[in-house]
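Residue numbers (the numbering used here), protein chains in the order written: chain D, 1 to 395; chain V, 396 to 790; chain C, 791 to 1185.
All C-beta atoms, glycine included, are put in the ideal place defined by N, C-alpha and C.
Down below is the structure, laid out as structure tokens.
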Amino acid sequence: MAYKTGYGLPADVIWDRAQMERLFERKWFFVGMRGDVPKKRGYLKFELFGEEYFILHGNDGVIRCFVNRCAHQSARLVNDRTGRCAARIICPNHQWAFDPNGGALIHASHMPDRFKQSDECKHYSLTEIPLREAGMMLFACLGDEPPHDEIDRMTEIIAPYTDPFSNAGHGYKRAYFHTEIIEANWLMVMINNRECCHCAQNHKDLLKLFDPSSFNGAFTPEYEMLLCQAQARWDDKGLAWKEQAFEPDENFRIARYPMAAGFKSISFDGELVSQKLIGPFAGRQPEEGTLSFWLNPNCWVHFTSDHIATNWVLPLSENRCALYTSWIVHEDAVEGEDYNEAHMKDVWLVTNAEDVGLCMSMSEGARSKYYKPGPFSPPEQFCTQFCDWYMKHSQ
Amino acid sequence: MAYKTGYGLPADVIWDRAQMERLFERKWFFVGMRGDVPKKRGYLKFELFGEEYFILHGNDGVIRCFVNRCAHQSARLVNDRTGRCAARIICPNHQWAFDPNGGALIHASHMPDRFKQSDECKHYSLTEIPLREAGMMLFACLGDEPPHDEIDRMTEIIAPYTDPFSNAGHGYKRAYFHTEIIEANWLMVMINNRECCHCAQNHKDLLKLFDPSSFNGAFTPEYEMLLCQAQARWDDKGLAWKEQAFEPDENFRIARYPMAAGFKSISFDGELVSQKLIGPFAGRQPEEGTLSFWLNPNCWVHFTSDHIATNWVLPLSENRCALYTSWIVHEDAVEGEDYNEAHMKDVWLVTNAEDVGLCMSMSEGARSKYYKPGPFSPPEQFCTQFCDWYMKHSQ
Amino acid sequence: MAYKTGYGLPADVIWDRAQMERLFERKWFFVGMRGDVPKKRGYLKFELFGEEYFILHGNDGVIRCFVNRCAHQSARLVNDRTGRCAARIICPNHQWAFDPNGGALIHASHMPDRFKQSDECKHYSLTEIPLREAGMMLFACLGDEPPHDEIDRMTEIIAPYTDPFSNAGHGYKRAYFHTEIIEANWLMVMINNRECCHCAQNHKDLLKLFDPSSFNGAFTPEYEMLLCQAQARWDDKGLAWKEQAFEPDENFRIARYPMAAGFKSISFDGELVSQKLIGPFAGRQPEEGTLSFWLNPNCWVHFTSDHIATNWVLPLSENRCALYTSWIVHEDAVEGEDYNEAHMKDVWLVTNAEDVGLCMSMSEGARSKYYKPGPFSPPEQFCTQFCDWYMKHSQ
Chain D
1 MAYKTGYGLP
11 ADVIWDRAQM
21 ERLFERKWFF
31 VGMRGDVPKK
41 RGYLKFELFG
51 EEYFILHGND
61 GVIRCFVNRC
71 AHQSARLVND
81 RTGRCAARII
91 CPNHQWAFDP
101 NGGALIHASH
111 MPDRFKQSDE
121 CKHYSLTEIP
131 LREAGMMLFA
141 CLGDEPPHDE
151 IDRMTEIIAP
161 YTDPFSNAGH
171 GYKRAYFHTE
181 IIEANWLMVM
191 INNRECCHCA
201 QNHKDLLKLF
211 DPSSFNGAFT
221 PEYEMLLCQA
231 QARWDDKGLA
241 WKEQAFEPDE
251 NFRIARYPMA
261 AGFKSISFDG
271 ELVSQKLIGP
281 FAGRQPEEGT
291 LSFWLNPNCW
301 VHFTSDHIAT
311 NWVLPLSENR
321 CALYTSWIVH
331 EDAVEGEDYN
341 EAHMKDVWLV
351 TNAEDVGLCM
361 SMSEGARSKY
371 YKPGPFSPPE
381 QFCTQFCDWY
391 MKHSQ
Chain V
396 MAYKTGYGLP
406 ADVIWDRAQM
416 ERLFERKWFF
426 VGMRGDVPKK
436 RGYLKFELFG
446 EEYFILHGND
456 GVIRCFVNRC
466 AHQSARLVND
476 RTGRCAARII
486 CPNHQWAFDP
496 NGGALIHASH
506 MPDRFKQSDE
516 CKHYSLTEIP
526 LREAGMMLFA
536 CLGDEPPHDE
546 IDRMTEIIAP
556 YTDPFSNAGH
566 GYKRAYFHTE
576 IIEANWLMVM
586 INNRECCHCA
596 QNHKDLLKLF
606 DPSSFNGAFT
616 PEYEMLLCQA
626 QARWDDKGLA
636 WKEQAFEPDE
646 NFRIARYPMA
656 AGFKSISFDG
666 ELVSQKLIGP
676 FAGRQPEEGT
686 LSFWLNPNCW
696 VHFTSDHIAT
706 NWVLPLSENR
716 CALYTSWIVH
726 EDAVEGEDYN
736 EAHMKDVWLV
746 TNAEDVGLCM
756 SMSEGARSKY
766 YKPGPFSPPE
776 QFCTQFCDWY
786 MKHSQ
Chain C
791 MAYKTGYGLP
801 ADVIWDRAQM
811 ERLFERKWFF
821 VGMRGDVPKK
831 RGYLKFELFG
841 EEYFILHGND
851 GVIRCFVNRC
861 AHQSARLVND
871 RTGRCAARII
881 CPNHQWAFDP
891 NGGALIHASH
901 MPDRFKQSDE
911 CKHYSLTEIP
921 LREAGMMLFA
931 CLGDEPPHDE
941 IDRMTEIIAP
951 YTDPFSNAGH
961 GYKRAYFHTE
971 IIEANWLMVM
981 INNRECCHCA
991 QNHKDLLKLF
1001 DPSSFNGAFT
1011 PEYEMLLCQA
1021 QARWDDKGLA
1031 WKEQAFEPDE
1041 NFRIARYPMA
1051 AGFKSISFDG
1061 ELVSQKLIGP
1071 FAGRQPEEGT
1081 LSFWLNPNCW
1091 VHFTSDHIAT
1101 NWVLPLSENR
1111 CALYTSWIVH
1121 EDAVEGEDYN
1131 EAHMKDVWLV
1141 TNAEDVGLCM
1151 SMSEGARSKY
1161 YKPGPFSPPE
1171 QFCTQFCDWY
1181 MKHSQ
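Right, here's the structure in full:
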């Protein structure tokens, strides 16, 4: 069955792992924030199509991405999801050692001197993957010729929104990190994320924070009014807000959105989740809104007055994926004083758990021999955008 | 290795999933009883070859079978094994709504009016599967041209046995339902069910209720005498008893069989499992015997004076199947007063658990490279019948 | 990528299950010791490539190896890992019975007399696998033409080392048995075993017992001195010690190695793990050394003064294997008096658990698309020997 715009993806597209892999070789995908690895030699591990990678903050301040495999006997180099390397990256198996700046093999245990001095030695450096930073966010690409022009353009567009968060003279740290393995096709998770028609019945708590139409671009009159008032307020405060919505060919969407009255952060009770405000809000009042960023193929990120919440999804195989969630706060914020775990994590853990069941259900449905692509409704326009975009870039 | 009558199935037949699927497209298979869904909008879900279906008692009194998938984004419609729908069948994802009588799409949330009024809308009704009722039992078929003549004939033959259970002026309800996932090939489970030579060592408790030769047609002299006495008693009571045993081409077997002296129902202590007698026994004395029905490809059902116990097996894949057991009682029977769970379920839970290990063992053996079909003995005649029948109808 | 001596195996070799299976059809592999089944009708079960086998001590004193499947309906014959058969091997399903000496079908339940008296009956004997005994150790081979000349030669070479353990006028028994399922390619487990460069960081406790260079043949001067002193001592005691190290074509390695001063057995505290000394040490002082034996493709065995510890690995599939460990002691040793479980098992349970993580890590690495064979260092010479040997005999 051929793909038709306005309808779900055909089953043969959904289950084509090679097509999925091509997409991740052609496009930049989100893999964390600088605030996930704020210290030198800090690392964060992720998995993609059965491979392990880690981003590492070098001693030179550059963040790089490496394949998590030693060149000697293919053992895993870093074992934890996140942590900090020693002065060198040391394989736990036979203690081969690599340079945390560029990944070069520095010490090959037990190997003769002639090997250490030979050119062959250079073949055993760590494998590095292209990594770019934009708006403090980190993006990787599996291909040899990543589209640098696309990320250059995105960097320029999002700068007015994200720069105020990066130049306030202080840094960030990660408060919490969560990994959710979802037994579902990654495409279903993204399509589920791109519409809020399922929210009314499935995310009743989340909807207290937001008007659902803020997420799908088909604004209700009530929301138009709320938005209009908020925009005047943002203009007063000097906060960029203009929506850059997904266009058919566009990889991302960014804009500032109002939250419901009284909600100072993304929390079910509306209270701040961290007392140390960040970026443009440092030393000011918190703002009842979010700066939200969505990237095809894999993330949604919300900057509020007190923290940055990132959600990103990576396929492990064609029927399994990992959803990573990170909560980034002011580097001086103190756990137990300025923030506490349950309060901070509540919204995303609850919301994502509600989505997991739906995504698994849709994914199992797409496996069915009775499956046929259904029509998207107008407020599901960004599902159509995602499917069009996927078909264009993955074939 | 070619199939030879009187021997087990060749490995290439046993592990041929396409052949299995053809059988379920050509033959009716048991999927429950009217008593499993006695109320309007009551449903019962089952799985077959990785697909989910549910039978639903319509507002019009007709029981139908649907594929458990929404036409919009392929989500599961009913989530529980058994339950009751709202006035309409509503998808939990985006609230598309379907008619519980015929499955037509009634409400497509967020879709524009031109869609709702178009012919396209009709393409998104629920997928219905042929379902027939005979002797209050429900039979489905996955094929487009189900063999209606076969079920017509069966209905006629079993009517004298089953009609007395359906026309007594009252209904039924399900007391309990049990699902057992068995990591075994479905054919092995059926072959195990079709003989009782394994009972002596593996079902010591069950054998207190029955003479093993009652199940295999190779009657011992002692059993012939017991049967003869029982038949005279059944004649007195006006109960049909003549055995319609499996013939080479036949799909089913039905007859009345005596239980051991003192056993009024299928229970390890011989006591009734429900105090409200059913069908021909309502207002009379219980009978020390069962009306038993076996259908190729997938069930064994026992009607006693006080309840109906159904066991049915459906392949989930070539090496996994689900065994469903249901206990149907008088609609007025009250849990805790007329029956209690442990006492009612004991015989089948114990017996089936004993069989699970044997079926897994046989199934693993059939995977072995050393496997070759072994010979069936004369009292295993219904294994031969089942294998002959399977080879004839599935190729 | 082609195999190159001195480097790890190419990925296509590592994941070629057919190549693995060929190796086990051409070579003898370790499957236990006579002390694992010291009594008549004692058995020990093992698995290989998804098939189950068991070795059985016949009533005639001969130990044989059978496929663990009944010829009737392919059920498993023995269910436990280790145990003792009744007078006959009886299938738990329908009680077909087989001769524990040769596996002949003795009783076919329910089958007619003409079957029992026919030639066909002979086709349903148990399938027997070639088994040989050398130095009280048992070796099986899956092929029809096992290399008897190789085991004849090995028997002759190891006799001076192992005979003193077998002719002391008493027998053995198994004290404990442990099975560890490892989610790793079997080749990785063997390669890990063939070098001790990983020991310094990963087996810190084990290294208190041994000089690491004793395991890799690249002896340090300190170890040379220790070895020299030990050899003089062994000469005095009449104990064979000359090392028969792996040569490129050789299947095995055997020698006596010194342990650290004060270590009378393989225990973390250096104390005997069994008070009843065995073989050449019965009635004498314990010796601070081990007689160690390694066989390609699958074992390492250590004979000390008080027990024999066997470790052997069998592939279950290309990415899963079973590591069996057995502790054999004097038949008169009494649990709780002469030995106790925790003390005896500690070294191998701890050491093997440490290796499991490394083997899984290497195996997952070999699955990676980034995998390339790395170079072995000089002290990893027996890894090279193993890989060369594997390439030669499995292609």
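Neighbour list for residue i in chain D, Cβ cutoff strictly below 8 Å
i                      : result
residue 963 of chain C : Neighbours of residue 963 of chain C on chain D: none; closest Cβ ~37 Å, over 8 Å.
Interface residues of chain D facing residue i [CB-CB closer than 7 Å]
i                      : result
residue 462 of chain V : 370
residue 991 of chain C : 92 and 95
residue 519 of chain V : 374
Secondary structure of residue i, DSSP reduced to three states
i                       : result
residue 615 of chain V  : coil
residue 421 of chain V  : helix
residue 648 of chain V  : strand
residue 1112 of chain C : strand
residue 312 of chain D  : strand
residue 258 of chain D  : strand
residue 42 of chain D   : strand
Interface partners of residue i on chain D, CB under 9 Å
i                      : result
residue 522 of chain V : 370
Contacts that residue i makes with chain V (C-beta to C-beta distance below 9 Å)
i                      : result
residue 905 of chain C : 770 and 772
Per-residue contacts from residue i into chain V (C-beta, under 8 Å)
i                      : result
residue 362 of chain D : 468, 469, 470 and 488
residue 935 of chain C : Simply none; closest approach about 18 Å.
residue 365 of chain D : 464, 465, 468, 469, 470 and 471
residue 841 of chain C : 763, 764 and 765
C-alpha distance - residue i paired with residue j, whole-angstrom precision
i                       : j                       : result
residue 255 of chain D  : residue 49 of chain D   : 31 Å
residue 540 of chain V  : residue 546 of chain V  : 13 Å
residue 749 of chain V  : residue 741 of chain V  : 12 Å
residue 753 of chain V  : residue 67 of chain D   : 47 Å
residue 42 of chain D   : residue 1102 of chain C : 40 Å
residue 956 of chain C  : residue 1154 of chain C : 42 Å
residue 1010 of chain C : residue 1004 of chain C : 9 Å
residue 410 of chain V  : residue 223 of chain D  : 58 Å
residue 902 of chain C  : residue 802 of chain C  : 52 Å
residue 1015 of chain C : residue 103 of chain D  : 41 Å
residue 851 of chain C  : residue 818 of chain C  : 21 Å
residue 1152 of chain C : residue 474 of chain V  : 41 Å
Sub-8 Å separation of residue i and residue j beta-carbons
i                       : j                      : result
residue 1089 of chain C : residue 820 of chain C : yes
residue 140 of chain D  : residue 65 of chain D  : yes
residue 470 of chain V  : residue 488 of chain V : yes
residue 1117 of chain C : residue 965 of chain C : yes
residue 133 of chain D  : residue 314 of chain D : no
residue 464 of chain V  : residue 472 of chain V : yes
Nearest candidate by alpha-carbon position, reference residue i, set the options
i                       : options                         : result
residue 1084 of chain C : C/1041, C/884 and C/1024        : C/1041
residue 994 of chain C  : C/1142, C/878, C/1099 and C/861 : C/1142
residue 89 of chain D   : D/331, D/201 and D/54           : D/54
residue 711 of chain V  : V/415, V/404, V/396 and V/515   : V/415
residue 587 of chain V  : V/692, V/512 and V/515          : V/692
residue 917 of chain C  : C/895, C/908 and C/909          : C/895
Heavy atom of the ligand GDP within 7 Å of residue i beta-carbon
i                      : result
residue 785 of chain V : In the structure on display, the ligand GDP does not appear, and there are no ligands present to speak of.
Residue i: contacting residues in chain C (beta-carbon distance under 8 Å)
i                      : result
residue 110 of chain D : 987, 1167, 1168, 1169 and 1170
Closer than 8 Å to chain E by CB, residue i
i                      : result
residue 753 of chain V : Absent from the structure: chain E. Protein chains present are D, V and C.
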